[in-house]
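Working notes, beginning with the structure itself.
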Amino acid sequence: MTELDLETSLLQRWFPVSPPQQGKSTLSHSERFSETDLRDISDVLRRVGQGAWSRIPRIYAVLRLLDRLDVIDLFLAQAISDVYFPFTVQTLPQSLNPSVAHGFLQAQRVVLSSALDLERETGRHRHFPSSDDVPFIKVEDLGKGAYGYVDRVISTVSHKEYARKLIPRGRTFQRDQKILRDFERELGFLKKLSHHRHIVQLIGSYTDPRFVGIVMSPVAECDLKDFLNNCAADIKGSTKSFTRTFFGCLTSALSYLHDNTIRHKDIKPQNVLVSQHSVYLTDFGISLDWSDIGQSTTTGPTPKTARYCAPEVSEYAPRNTSSDMWSLGCIFLEIWAVLKGETVANLHAFLEANGAKSSCYHLNIEATFEWMKALQSKPTLADNPPYEWICYLLAEDKNKRWTARQLLAEIEAVNSNPEAKFAFSGYCCM
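For the sequence shown, the residue numbers in full-length UniProt numbering are 1 to 430.
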């Protein structure tokens, strides 16, 4: 059996041969192809050695129905992919025969689906009747939290790699209603914020019977917690220079949040992603937009991470954007410790052995500042500017903490000082 015969045989399920009719294709397909159909067609093409065709199963399907696979190379030569659907006369290859172009435009309806909209900037939230119709292939798990799962996926349309947050839907009406409300809130934050270079970018969102999904970019190499743990033992050279930029870049992101009337409410190393020499704030699941309530101060219990939460949050006292600044100060302390040749593990061990004997910063402020003073004397002294920033961020009185705007101005002042040896922001934020 030839390769062509094998391909025809394996694809017979989707492209049945009908009795020949004068001037018409011998192939027929009366219904739209599902995402499962297109994924399976792609798999078959890959198995029979048609790797390039397998990456454009929609274009392949339309041309196969028209019996014009002879022109598929025109699409490939111009790097035209399934992302181009729906096509117009202007977006088809200009060298395409007019009659073939007309037939393609008429036949393309059989491969149009909600999946095509998911990765577009103007794409709407999509609803899929089955998880099989979702146009992503899971590559690996990235993490699990209180609100759901995060995995690495590849789009079956664009073949791009993304991070996907999956939140299981509730088993009761009331529970499902709450999950969908929380999902809409987080989605709203991402739509409002994802234009900043240090905040994860929203690609698209969808619901299916089992999950609500948020698709984001980039896929992180690791989070800040793992980054600091992995590089602490031998941080030097370019890694050290890169790590210094975290101060300015994260402050820029948080300043953007606060300027847009949003409090993050759960800033911690696990919610800072590191990818391709950049850092990104992520996870807005419990954030607050105070533009609708007219003030940034709130009271009462709230989800939190004990080690990094501000004293007022721990005590359920009134809190505002300054609570985010405290949490940022805790992160800054851990970054600074690594820059000065220490480890985060040593920092936590010191706190557990001294003062109030707790590694929760707000419970052991005295020992925290004792550690910081000891760090000041360690080399290199040119890495000491963060000391002052952290002191102002970890002020017990929330009214004495710097705002994100103030902190950004202080970091920029150090960066622009001709006597400063190092820069504490990336070029992107200078």
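Backbone N, C-alpha and C define an ideal beta-carbon position, used for all residues, glycine too.
| Asked | Found |
| --- | --- |
| Alpha-carbon spacing of N37 relative to V200, whole angstroms | At residue 37 the sequence reads Asp, which differs from the Asn that was named. C-alpha separation (whole angstroms): 32 Å. |
| Boundaries of the beta strand (DSSP E) in which D141 is found, first to last residue | 136 to 145 |
| Selected residue, minimal CA-CA separation from A79, among H159, W389, N320 | H159 |
| CB contact flag (L96, L74, <8 Å) | yes |
| Nearest residue (CA-CA) to P318, options C330, K265, N354, A349 | K265 |
| Contact belief for A101 with V89 at Cβ below 8 Å, rounded distance in angstroms | 6 Å |
| Test item: CB-CB of L394 and Y361 under 8 Å | yes |
| Three-state secondary structure (DSSP) of M216 | strand |
| contact_flag[the region 220 to 230, the region 398 to 409] where n(CB pairs < 8 Å) is 3 or more | no |
| Other residues of its chain near R152: CB distance less than 6 Å, five sequence neighbours each side excluded | V139, E140, L142, V219 |
| The region 356 to 376 / the region 326 to 337 touching (three or more Cβ pairs under 8 Å) | yes |
| Backbone secondary structure at Q22 - three-state DSSP | Unreliable placement is indicated for Q22, whose pLDDT of 42 sits below 50; the coordinate value is still reported in the next sentence. In the structure shown, Q22 sits in coil (DSSP, three-state: anything other than H, G, I, E or B). |
| Per-residue DSSP class, three states only, for D151 | strand |
| Among V150, L407, P168, the one whose alpha carbon lies nearest that of L273 | V150 |
| S34 to N229 span [Cα, whole Å] | 45 Å |
| E419 to S255 span [Cα, whole Å] | 26 Å |
| Residue burial classification, S377 (beta-carbon count within 10 angstroms, cutoff 16) | exposed |
| Touch test, the region 245 to 252 against the region 159 to 173, Cβ-Cβ under 8 Å, three pairs minimum | no |
| Enclosing beta strand (DSSP E) for K165 [first to last residue] | 161 to 168 |
| Sheet register partners of T403 (DSSP bridge) | The partner list for T403 (beta bridge, DSSP) is empty, contrary to what the question assumes. |
| Buried or exposed (CB count within 10 angstroms, at least 16 for buried), A115 | buried |
| Contact belief for S81 with R55 at Cβ below 8 Å, rounded distance in angstroms | 7 Å |
| Alpha carbon of P86 to alpha carbon of G341, nearest angstrom | 55 Å |
| Three-state secondary structure (DSSP) of G237 | helix |
| Beta-bridge pairing of F211 - partner residues as DSSP gives them | P168 |
| Proximity test, W326 beta-carbon vs the ligand COA heavy atom, cut-off 7 Å | This structure lacks the ligand COA, and indeed carries no ligand of any kind. |
| Exposure label - Y206; buried when at least 16 CB within 10 Å | buried |
| Where Q90 sits in the DSSP three-state scheme | coil |
| Span separating the alpha-carbon of T251 from that of I214 | 25 Å |
| Candidates S9, A337, H195, of which the one nearest L381 by Cα | A337 |
| Three-state secondary structure assigned by DSSP to L281 | strand |
| Outcome for E315 when other beta-carbon atoms lying within 10 angstroms are tallied against a minimum of 16 | exposed |
| C-alpha gap between T282 and N260, whole angstroms | 16 Å |
| Contact check, G355 vs A374, beta carbons under 8 Å | no |
| Distance between P209 and P390 (C-alpha atoms, nearest Å) | The sequence shown places Ile at residue 390, rather than the Pro named in the question. Those two C-alpha atoms are separated by around 46 Å. |
| Residue from E334, L333, C309 whose Cα sits closest to the Cα of S322 | C309 |
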